[in-house]
Amino acid sequence: WLLEDLRERGHPAELALILPDSVASIAAWLRMLLREQCFPVLVSGGLGGTHDDCTREGIAAALQIPLARHRDCFQILAAKYGDQFTTGRQRMAMLPEGCDLIPNPIGAPGFTLNGVYAFPGFPNMLKPMVRLVLDSILPKSDSSVYLAREYVLPMSEGMIAYDIERFTKQHPEVRIGLYPHAERFPLEVTVRLRYKAHDQRLVADFENLLATIRQKHHPT
Numbered sequence: 007w008l009l010e011d012l013r014e015r016g017h018p019a020e021l022a023l024i025l026p027d028s029v030a031s032i033a034a035w036l037r038m039l040l041r042e043q044c045f046p047v048l049v050s051g052g053l054g055g056t057h058d059d060c061t062r063e064g065i066a067a068a069l070q071i072p073l074a075r076h077r078d079c080f081q082i083l084a085a086k087y088g089d090q091f092t093t094g095r096q097r098m099a100m101l102p103e104g105c106d107l108i109p110n111p112i113g114a115p116g117f118t119l120n121g122v123y124a125f126p127g128f129p130n131m132l133k134p135m136v137r138l139v140l141d142s143i144l145p146k147s148d149s150s151v152y153l154a155r156e157y158v159l160p161m162s163e164g165m166i167a168y169d170i171e172r173f174t175k176q177h178p179e180v181r182i183g184l185y186p187h188a189e190r191f192p193l194e195v196t197v198r199l200r201y202k203a204h205d206q207r208l209v210a211d212f213e214n215l216l217a218t219i220r221q222k223h224h225p226t
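Counting from 1 along the sequence shown, just add 6 to a position and that's the residue number in my numbering.
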């Protein structure tokens with residue numbers, strides 16, 4: 007859902023990673039992403055209070071910033087847990103120094119610093135928190151929202167590749183994927199067009215191209 011949300015905002019993800027619970031691994035990958043000036047860097051999971059929740063440490067190491075008790079986060083957690091505010095839960099308030107909190111109405115806050123945004127991994131927390139952040143930094147608009155359409159053609163991928171490639175060169179703002187169904191006979195290929203929502207003229211041009219391709223290979 008997150009990758010799809012980013013695509014719809016016109017900012018498809020450059021890279022998606024699943025990392026182990028390792029400070030060194032998290033820090034190394036974050037350093038690489040920041041060095042390549044990726045923005046935003048969205049991180050989920052590993053913000054709890056157990057021994058293997060090491061996302062905070064990994065982000066701090068990547069940014070070369072120490073962890074420190076975040077006063078506001080500590081107070082939020084203390085109010086939430088009351089006399090169950092254990093040492094492990096207090097650890098959740100140890101955040102990279104100077105970070106800002108990301109509100110979480112039903113749990114521990116996330117945090118952000120230097121283009122890195124860290125969220126809890128639980129979907130019921132993650133989804134509203136991420137959308138709140140993305141609405142702020144990557145707002146949707148008619149000019150950025152992408153839509154998708156799929157078309158199935160009764161031919162092989164190779165029979166349409168040249169025409170599709172030429173169309174993408176003429177319209178670099180679109181994304182077109184070809185997905186052959188090699189197990190089917192007669193042969194079929196699914197063509198997926200992703201285009202900006204406001205650009206209906208382009209859709210008409212593309213459908214005219216597909217009609218020409220069909221006529222060329224399967225004249226009636």
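Each residue gets a CB set at the ideal place from its N, CA and C atoms; glycine is no exception.
Fair warning: this is a prediction, and the values are worked out from it, not measured in the lab.
So, is residue i buried or exposed, given that buried needs 16 or more other C-beta atoms within 10 angstroms?
i      : result
Ala233 : The question about residue 233 has no answer, for the chain in this structure spans 7 to 226.
His76  : buried
Asn130 : exposed
Pro26  : exposed
Tyr185 : exposed
Ala154 : exposed
Ala124 : buried
Ala85  : exposed
Gly88  : exposed
Arg62  : buried
Phe191 : exposed
Val158 : exposed
Ala114 : buried
Pro102 : buried
Sorted by chain position, which residues of the same chain lie with C-beta nearer than 6 Å to residue i's C-beta, five sequence neighbours on each side aside?
i      : result
Gly55  : Gly94, Arg95, Arg97 and Met98
Ile238 : Past the boundaries of the shown model lies residue 238; the chain is included only from 7 to 226, so the question cannot be answered.
Relative to the C-alpha of residue i, which candidate in the options has its C-alpha closest?
i      : options                          : result
Val151 : Ala22, Gln70 and Lys202          : Lys202
Ser31  : Gln221, Gly52, Thr196 and Glu163 : Gly52
Ser142 : Pro46, Ser28, Leu9 and Asp27     : Pro46
Thr196 : Phe80, Asp58 and Glu163          : Glu163
Glu10  : Leu69, Thr118 and Lys133         : Lys133
Leu83  : Leu12, Gly116 and Cys44          : Gly116
Asn120 : Asp78, Ala74, Gln70 and Phe91    : Gln70
Answer yes or no: do residue i and residue j have a C-beta to C-beta separation smaller than 8 Å?
i      : j      : result
Ile182 : Leu199 : yes
Lys146 : Glu14  : yes
His224 : Pro126 : no
Met135 : Ile166 : no
Thr92  : Asp106 : no
Val49  : Val122 : yes
Against chain C, does residue i count as a neighbour if the rule is that its beta carbon must be under 8 Å from one of theirs?
i      : result
His224 : Absence of chain C from the displayed structure is noted, only one protein chain being present.
With a threshold of 7 Å on Cβ separation, who are the neighbours of residue i within its own chain once the five nearest residues in sequence on each side are excluded?
i     : result
Ala67 : Val29 and Ala33
Leu23 : Trp35
Residue i: beta carbon under 7 Å from a heavy atom of the ligand GTP?
i      : result
Met100 : Annotation note on the ligand GTP: not contained in the displayed structure, which lists no ligands.
In chain order, what are the residue ranges of uninterrupted beta strand (DSSP E) at least 3 long that sit wholly in the stretch 52-91? Counting only runs of 3 or more, we get 73-75.
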